[in-house]
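Residue numbers (the numbering used here), protein chains in the order written: chain A, 23 to 563; chain B, 1328 to 1419.
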């Protein structure tokens, strides 16, 4: 593939109207983007290029799309994505061979001297933003980001093999191509309306529809759902995400219908929309979370001032039936996961035991009783901002510690519970939430523990004694060769966690009682589920 | 009469037909797909022996998913397009 400082080859391409095209004089720098019409990653990229073209204004023709497919297929793509910048055909793939990208989308930023300034393939938000900034600046415009980290699209996505390298060129006529996948469609179908005959019991009717085989719901009447949609200020057919594992489109209207059924209030939609976006974030891997035999299910954690404003409980009884907002938002997510994601217990959801959190698993941080910075501030959000964090959590393990007089004493007890998450011999690729109750948090703060100090202490003191591996053939012993041996309390141990970041501290719960809790996660990291955080109230109309 | 908004995924299920079955294993190229659970390779090692020694399979291609928690990436599926059959192994 051509790269930095290579001269860009001369292009002789044709437009969709079969007119010859060559780069107009004085139109450099220019961004050339090679795409295939059926490549999901190319399709994912197009709305961002439209945004870039919009930012370029009258210089929009500095973005040029080069299609590796037929005029007919390309025309359909242009229409579907409302492409606003020049589109050319690489008939015969000569240009593709000259630039030689291994995959598409392939982006080549050609500078004013005709040299390639940047070249990258696939979808990467950081690369897109950098390339856009350089093109905008090089064309005399203010640089601005075109890819928002929280718009629901993945941070990165590999593309498809470039057509000029494919051995199947020319064979497409012999097979019926499936409908191309849209990884993040902008708009979806409107929900159908169901007229329920007079005399029907609405509650039983909903149960028969199969909308929630496990607990009765509030009937999603058109009036209620419309009010919820109106509360978002967004079009009803806007797609917030595709819900794994069956990837049903979660439109604003479908989320609203499920929110009504869960018993939400319309204003909870400002929380539920980012919750659904987070659930559909590839890093969270809802596909795996929903299909696994493990009991993990999304725990929703609210941070920031919006939680109290909307009535989310963060104090006494925070994991229980404590507030309408907690109970119904957690349940609405579970309904969205079942009704739009398609995973039902015993079918795709293969959890051996399940989890009571599947009725609702939603807490808020107790900022008033916390001596430390909130979780979202740790993650880089502003104090005045509010967020939702999703974490694939198994059940809650309570940690009673009523006799320790010191912060270290409290942490030693919590570390012992952390040491057994997943399975007591399993080390590495695990993560956990530690819910620190206000009394424990006060003891820690009084002893000078910052949040980071406390987390680091827990990391250093969570481990499995080496003697536990003497009995071979039990869970955790297969991977012992990869474990890190350290001394804990002067005894040889294997370290439980790979990194302190696998432990998150959240202050929540009532002011009476020295009960903290540990919630183990599912498989941690990029090969399992990663916790994700989305801002509340940042949705544009 | 009350009107409800359909809260379900309304896309029709589109189950495709299964790939044609093999009439015999002799001379065929088979892929053994390890979903990368611990222990899967032991099972597949033995399966490979049985397939080649007893059933005359000409060639066995071994592929491994990067993680069992996610669908196979398309690059891996593309590799499987050129074999006669695939056996997927899940093991702990």
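Even for Gly, the Cβ is constructed at its ideal location relative to N, Cα and C.
Everything numeric in this text was worked out from a predicted model, so none of it was measured.
- Not flagged as an interface residue toward chain A: residue 1406/B, since no C-beta distance is shorter than 7 Å.
- The Cβ atoms of residue 90/A and residue 116/A do not sit closer than 7 Å to each other.
- For residue 178/A, there are no C-beta contacts with chain B under 9 Å, since the nearest C-beta of that chain is about 13 Å from it.
- Taking a C-beta cut-off of 7 Å against chain A, the contacting residues of the segment 1360-1379 of chain B are 1365, listed in chain order.
- Under the DSSP assignment, residue 154/A falls in the alpha helix (DSSP H) whose first and last residues are 147-160.
- Put simply, of 336/A, 524/A and 549/A the residue whose alpha carbon is nearest the alpha carbon of residue 391/A is 336/A.
- Inter-residue distance for residue 480/A and residue 426/A is about 16 Å (C-alpha atoms, whole angstroms).
- By the C-beta criterion, the segment 68-84 of chain A is judged to be in contact with the segment 150-162 of chain A, since at least 3 inter-stretch pairs fall below 8 Å.
- Listed as beta-bridge partners of residue 482/A by DSSP are no residues whatsoever.
- Interface residue (Cβ-Cβ distance to chain B less than 7 Å): residue 560/A is not classified as such.
- By the criterion of a C-beta distance shorter than 6 Å, residue 340/A is surrounded in its chain by 385, 530 and 531, once the five residues flanking it on both sides are discounted.
- For residue 86/A, the pairing in a beta bridge is given by DSSP as 54/A.
- For residue 217/A, the enclosing beta strand (DSSP E) starts and ends at 215-218.
- Taking C-beta atoms under 8 Å as the contact rule, residue 412/A and residue 297/A qualify, at a distance of about 7 Å.
- At a cut-off of 4 residues, the continuous stretches assigned as alpha helix (DSSP H) that sit fully inside the segment 422-465 of chain A are 429-440.
- Residue 1393/B reaches chain A at 549, counting residues in chain order whose Cβ is nearer than 8 Å.
- Between residue 449/A and residue 517/A the beta-carbon gap is near 6 Å, inside 8 Å, which marks them as a contact.
- The three-state reading of DSSP puts residue 378/A in helix, counting H, G and I together.
- DSSP lists 126/A as the bridge partner or partners of residue 182/A.
- When C-beta atoms of the segment 476-491 of chain A are compared with those of the segment 543-552 of chain A, fewer than three pairs fall below 8 Å, so the two segments do not count as touching.
- The beta carbon of residue 1406/B lies closer than 7 Å to those of 1390 in the same chain, with the five residues before and after it left out.
- In the three-state scheme derived from DSSP, where H, G and I count as helix and E and B as strand, residue 344/A is classed as coil.
- Judged by pairs of C-beta atoms under 8 Å, the segment 533-545 of chain A does not touch the segment 497-510 of chain A, as fewer than three such pairs exist.
- Chain-order list of chain A residues neighbouring residue 1336/B: 268, 270, 361, 362 and 364, by C-beta distance under 7 Å.
- Checking the DSSP bridge columns, you'll see residue 537/A partnered with 422/A.
- At a cut-off of 7 Å between beta-carbon atoms, residue 500/A makes contact with chain B.
- For residue 1413/B, same chain residues with a beta-carbon under 6 Å away, outside a window of 5 residues either side, are 1358, 1360 and 1407 in chain order.
- Counting only Cβ-Cβ distances below 8 Å, residue 1413/B has no contacts in chain A at all, with the closest Cβ about 19 Å away.
- Under the DSSP definition of a beta bridge, residue 1330/B partners with 217/A.
- Taking 7 Å as the cut-off, the beta carbon of residue 528/A is found closer than this to the beta carbon of residue 457/A.
- Going by beta carbons, residue 130/A and residue 148/A fall outside the 7 Å limit.
- Chain order gives the chain B residues near residue 233/A as 1334 and 1335, where near means a beta carbon separation below 8 Å.
- Around residue 214/A, the beta-carbon contacts reaching into chain B at under 7 Å are 1333 and 1337.
- Per the coordinates, the alpha-carbon of residue 179/A lies some 42 Å from the alpha-carbon of residue 434/A.
- Going by beta carbons, residue 466/A and residue 454/A fall outside the 7 Å limit.
- Nearest to residue 1399/B by C-alpha distance, out of 1373/B, 1362/B and 1410/B, is 1362/B.
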